[in-house]
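Asker:
In full-length UniProt numbering, the protein residues as written are 1 to 376.
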């Protein structure tokens with residue numbers, strides 16, 4: 001008897017009754033089909049998971065909304081960083097890479113949307129399933145690490161504004177980003193080489209990463225995902241918490257920052273960034289870690305649905321990142337205003353040009369003040 005476990009997106013046990021059982025129940029099935037099939041008889045409760053509206057309606061709807069909003073926001077952010085600003089600050093290097101990671105994440109969502117809408121039936125082939133799964137988690141880990149790097153950069157800029165100048169250089173920020181990308185890509189290579197698809201006979205669907213071989217789970221995935229969660233999510237969460245807590249403390253009790261309005265704005269921005277980071281990446285990865293640390297105990301229906309919801313919610317960070325990291329900058333706002341203003345009035349509109357000049361001057365001034373306040 002070969003056991004299977006509804007894996008990364010499902011926490012329920014499923015059994016395959018073996019080739020002999022298939023021969024009796026499905027006499028016309030080929031041996032190749034038998035070896036790659038899962039019989040779900042007497043598991044109607046678990047079958048309902050794969051056909052649940054949470055998976056087939058809510059999650060693809062969330063991914064669709066994220067794609068529609070995040071795609072233009074991140075494309076415009078990358079254009080502004082590359083062509084409208086000079087990459088002279090480490091924070092800008094991190095933000096550019098974060099926008100690139102978010103854009104790459106959004107690029108694989110159409111495959112996830114099609115998969116869930118079709119009843120969790122994967123039609124793009126085994127190789128594409130492995131690639132999309134690896135890309136999905138690669139960009140998630142990359143985003144977490146880049147946000148952690150941004151929090152540390154801001155911490156150093158505020159707590160050690162003078163001494164950190166020699167550390168916080170553009171060259172070193174490029175090196176940090178390179179190491180983050182190498183780590184993220186390297187950590188997901190096993191997902192590329194291992195089989196991620198399984199054919200579900202009862203439902204006549206092929207799942208992608210939702211149903212995994214129990215032997216693979218026990219011998220590999222239980223250690224693989226536990227280590228990844230601890231090193232690439234939990235540890236960065238701890239570092240980010242310490243960094244933003246230190247920043248909030250310094251800004252709250254600093255006597256050097258006299259303008260209460262600027263201080264309040266900076267505190268509010270830091271607090272929003274910190275809360276969004278925790279909400280988007282904390283719950284799903286904590287549940288995942290709990291799943292693998294207590295693998296043999298089984299999980300309730302509520303935990304399964306909680307995990308599914310958390311995974312879809314974490315993708316919302318692709319929409320929020322541009323808003324809380326890039327577009328809060330007055331200088332960035334002036335470039336966005338320039339784009340839409342010139343599209344509306346034309347390049348020769350006097351009102352547009354006059355407004356742009358004023359916004360550029362004000363934006364530069366406010367941007368300098370904002371960077372000093374937030375450590376950028």
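A virtual CB, placed ideally from N, CA and C, is assigned to each residue, including glycine.
Using a 10 Å radius around the Cβ and a threshold of 16 neighbouring Cβ atoms, would you call residue 176 buried or exposed?
Answerer: On the chain shown, residue 176 is found 176 positions in, with the first residue counted as 1. Classification of residue 176: buried, given that the 10 Å Cβ count is 16 or more.
Asker: Quick one: using the 10 Å Cβ neighbour count with 16 as the cut-off for buried, is residue 11 buried or exposed?
Answerer: On the chain shown, residue 11 is found 11 positions in, with the first residue counted as 1. Residue confidence is low: residue 11 scores 38 on pLDDT, short of 50, so the model does not pin down where it sits. Its coordinate-derived value is still stated next. Buried, because 16 or more other Cβ atoms sit within 10 Å of the Cβ of residue 11.
Asker: With residue 240 as the anchor, note down where its alpha helix (DSSP H) starts and where it stops.
Answerer: As a working note, residue 240 is residue 240 in the chain shown. Run containing residue 240: 235-253, per the alpha helix (DSSP H) assignment.
Asker: Please say whether residue 139 and residue 229 have beta carbons closer to each other than 9 Å?
Answerer: If you number the chain shown from 1, residue 229 lands on position 229. If you number the chain shown from 1, residue 139 lands on position 139. Cβ distance not < 9 Å, so residue 229 and residue 139 don't count as in contact.
Asker: Identify the continuous beta strand (DSSP E) that holds residue 176 and give its terminal residues.
Answerer: Locating residue 176 in the chain shown gives position 176, counting from the first residue. Segment 170-187 is the alpha helix (DSSP H) holding residue 176; no beta strand (DSSP E) there.
Asker: Strictly under 9 Å for the Cβ-Cβ distance: is residue 202 near chain B by that measure?
Answerer: In summary, chain B is missing from the structure at hand, where a single protein chain is found.
Asker: Shortest alpha-carbon distance to residue 63 belongs to which of 74, 224, 116 and 99?
Answerer: Taking the first residue of the chain shown as position 1, residue 63 is located at position 63. Out of 74, 224, 116 and 99, 116 has the C-alpha closest to the C-alpha of residue 63.
Asker: Nearest to residue 279 by CA position, among 144, 60 and 101, is which residue?
Answerer: Your numbering for residue 279 matches position 279 in the chain shown. If we check each option's Cα against that of residue 279, 144 comes out closest.
Asker: Name, in chain order, the residues that DSSP records as bridge partners for residue 197.
Answerer: As a first step, residue 197 must be located in the chain shown, where it is residue number 197. 208.
Asker: Would residue 141 and residue 184 be called neighbours here (beta carbons separated by less than 9 Å)?
Answerer: Position 141 of the chain shown, counted from the first residue, corresponds to residue 141. Position 184 of the chain shown, counted from the first residue, corresponds to residue 184. Result yes, Cβ atoms of residue 141 and residue 184 sit closer than 9 Å.
Asker: Assuming residue 94 is part of the alpha helix (DSSP H), what are its boundary residues?
Answerer: In the chain shown, residue 94 corresponds to position 94, counting from 1. It spans 90-117 - the alpha helix (DSSP H) in which residue 94 sits, taken as one unbroken run.
Asker: Rounding to the nearest angstrom, what Cα-Cα distance links residue 377 and residue 311 in this structure?
Answerer: The chain is shown only over 1 to 376; residue 377 falls outside these bounds and no answer can be derived.
Asker: For residue 287, I'd like the list of residues in its chain whose CB is within less than 8 Å of its CB, leaving aside the five on either flank, ordered along the chain.
Answerer: Within the chain shown, the letter at position 287 stands for residue 287. So the list reads 303, 306, 307 and 310, once near-sequence residues are dropped.
Asker: Taking all protein chains shown into account, do 16 or more other C-beta atoms lie within 10 angstroms of the C-beta of residue 209, making it buried, or fewer, making it exposed?
Answerer: Sequence index remark: in the chain shown, residue 209 carries index 209 (1-based). Label assigned to residue 209: buried.
Asker: Measuring alpha carbon to alpha carbon, tell me which residue in 206, 289, 155 and 82 is nearest residue 249.
Answerer: Residue numbering aside, residue 249 sits at position 249 when the chain shown is read from its first letter. It is 155 whose Cα lies nearest to the Cα of residue 249.
Asker: When you compare each of 96, 219 and 237 to residue 378 by their alpha carbons, which one comes out closest?
Answerer: Here the chain has residues from 1 to 376 only, and residue 378 is not among them.
Asker: Apart from the five residues on each side of it in sequence, which residues of its chain come closer than 7 Å, Cβ to Cβ, to residue 124?
Answerer: Along the chain shown, one-based indexing puts residue 124 at 124. Correct list, in chain order: 111.
Asker: For residue 25, which residues in the same chain have their Cβ closer than 6 Å to its Cβ, ignoring the five residues on either side in sequence?
Answerer: Numbered from 1 along the chain shown, position 25 holds the residue referred to as residue 25. Here residue 25 scores only 37 on pLDDT, less than 50, and its place in the model should not be relied on; the value that follows carries that caveat. Counting only Cβ-Cβ distances below 6 Å, and skipping sequence neighbours, we find nothing.
Asker: Going by beta carbon distance, what residues of the same chain come within less than 6 Å of residue 109, once the five residues before and after it are set aside?
Answerer: For this step, residue 109 is matched to residue 109 along the chain shown. Closer than 6 Å at Cβ, skipping near neighbours: 63 and 67.
Asker: For residue 165, count the other beta carbons within 10 Å of its own beta carbon; 16 or more makes it buried, fewer makes it exposed. Which is it?
Answerer: Along the chain shown, one-based indexing puts residue 165 at 165. Classification of residue 165: exposed, given that the 10 Å Cβ count is below 16.
Asker: So what's residue 315 in DSSP terms, helix, strand or just coil?
Answerer: Position 315 of the chain shown, counted from the start, is the residue given in the question as residue 315. Residue 315: coil per DSSP, three-state reduction.
Asker: Taking DSSP as the reference, what is the three-state secondary structure of residue 167?
Answerer: Reading the chain shown from its first residue, position 167 is the one you call residue 167. Correct three-state label for residue 167: coil.
Asker: Return the residue from the list 105, 232 and 80 that minimises the CA-CA distance to residue 179.
Answerer: What you label residue 179 is simply residue 179 of the chain shown in a count that begins at 1. Of the candidates 105, 232 and 80, the one whose C-alpha sits nearest the C-alpha of residue 179 is 232.
Asker: Would you kindly check if the distance between the Cβ of residue 135 and the Cβ of residue 188 is under 9 Å?
Answerer: One-based indexing of the chain shown puts residue 188 at position 188. One-based indexing of the chain shown puts residue 135 at position 135. Going by C-beta atoms, residue 188 is nearer than 9 Å to residue 135.
Asker: Where does residue 43 fall in DSSP's three states?
Answerer: Reading the chain shown from its first residue, position 43 is the one you call residue 43. Reliability of the predicted coordinates at residue 43 is poor, the pLDDT of 48 falling under 50, and the value obtained from them is presented with this limitation in mind. In this structure, residue 43 counts as coil in the three-state DSSP scheme.
Asker: State the DSSP-derived secondary structure class of residue 285, mapped to helix, strand or coil.
Answerer: To locate residue 285, count along the chain shown from 1; it is residue 285. Residue 285: helix per DSSP, three-state reduction.
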